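Student: Note that the working numbering has the sequence shown beginning at 1481, numbered continuously upward.
No residue lacks a Cβ here, since even glycine has one placed at the ideal position from N, Cα and C.
Values in this document were obtained by computation on a predicted structure and should not be read as measured data.
Encoded as structure tokens, here's the structure I'll be asking about.
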Amino acid sequence: MNTRQSAEKEINDFLNSDESVILITGTHQYQKHILVLEAISEVKCPSILLFRANSMKNFGTILEDHTTTYKTGYGYKFGPHRVYVDSIKSTSWTKTPYAVDFSIVYPIDSVCKNNGKEKIIQDIVRRTNNKVFLISWTDNYDCSWLDEFIDRKVIYDVEEEDPEYHARMLKSLKKF
């Protein structure tokens, strides 16, 4: 089963491996990126994290903090880490540190439908010294074009926690 526990184990194994890029998919739409942030928060050594989203306006929702207006070029405190944010629009990358320890791209769905998708992923891989997390939202897009970049794939479904929601998500995927 693609449970939270198995996803946590896979993510922690990835963090402790020589692998560079992980793709996390599954029906748990709103918790996959949270799971990754929780895993990174356990890393004791201070680091720089880049979080790249589909839009700067979405960071309040994504990071569950509607009181902060997120902007590029500023390192937000996250335990011993600093989190920088930008979007899939290359114009937002100019204030982002060029060398980061960890990167999160969420939702990867928006990248999959973008004409410049390869450029977006190449940039994030180039900037990242340690680990890249590519995280889906709905799994409605073909991610096979990412295979050349990905070292590991993890599925995190909501089936165990909310079977009805899981079934609805699977049903919605069949429409595509």
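Within 10 Å of its beta-carbon, does Asn1496 have 16 or more other beta-carbons around it, so buried, or fewer, so exposed?
Tutor: The residue labelled residue 1496 in the question sits at position 16 within the sequence shown. With fewer than 16 Cβ atoms within 10 Å of its Cβ, Asn1496 is classed as exposed.
Student: For a quick check, are the C-beta atoms of Pro1587 and Trp1617 less than 8 Å apart?
Tutor: In the sequence shown, the residue the question calls residue 1587 occupies position 107. In the sequence shown, the residue the question calls residue 1617 occupies position 137. Yes.
Student: Cutting at 6 Å between CB atoms, please list the residues of its own chain near Trp1573, excluding the five before and the five after it.
Tutor: Stepping through the sequence shown from its first residue, residue 1573 is reached at position 93. Contacts found: Asp1566.
Student: Count the other CB atoms, across all protein chains shown, that sit within 10 Å of the CB of Asn1534; report buried if there are 16 or more and exposed otherwise.
Tutor: If you number the sequence shown from 1, residue 1534 lands on position 54. Classification for Asn1534: buried.
Student: Between which two residues does the beta strand (DSSP E) containing Ser1486 stretch?
Tutor: For the purposes of this step, residue 1486 is taken as residue 6 along the sequence shown, with counting starting at 1. Per DSSP, Ser1486 belongs to no beta strand (DSSP E); it is in the alpha helix (DSSP H), 1484-1495.
Student: Let me know the beta strand (DSSP E) ranges lying completely inside the segment 1525-1584, each 3 residues or longer, listed in chain order.
Tutor: Listed in chain order, the complete beta strand (DSSP E) runs (minimum 3 residues) inside the segment 1525-1584 are 1528-1533, 1556-1558, 1561-1567.
Student: With respect to the alpha helix (DSSP H) encompassing Ile1630, which residues constitute its N-terminal and C-terminal limits?
Tutor: As a position in the sequence shown, residue 1630 is number 150, starting the count at 1. Run containing Ile1630: none; DSSP gives neither H nor E here.
Student: Would Leu1650 be called buried (16 or more neighbouring beta carbons within 10 Å of its own) or exposed?
Tutor: For this step, residue 1650 is matched to residue 170 along the sequence shown. Answer is exposed; the Cβ neighbour count stays below 16.
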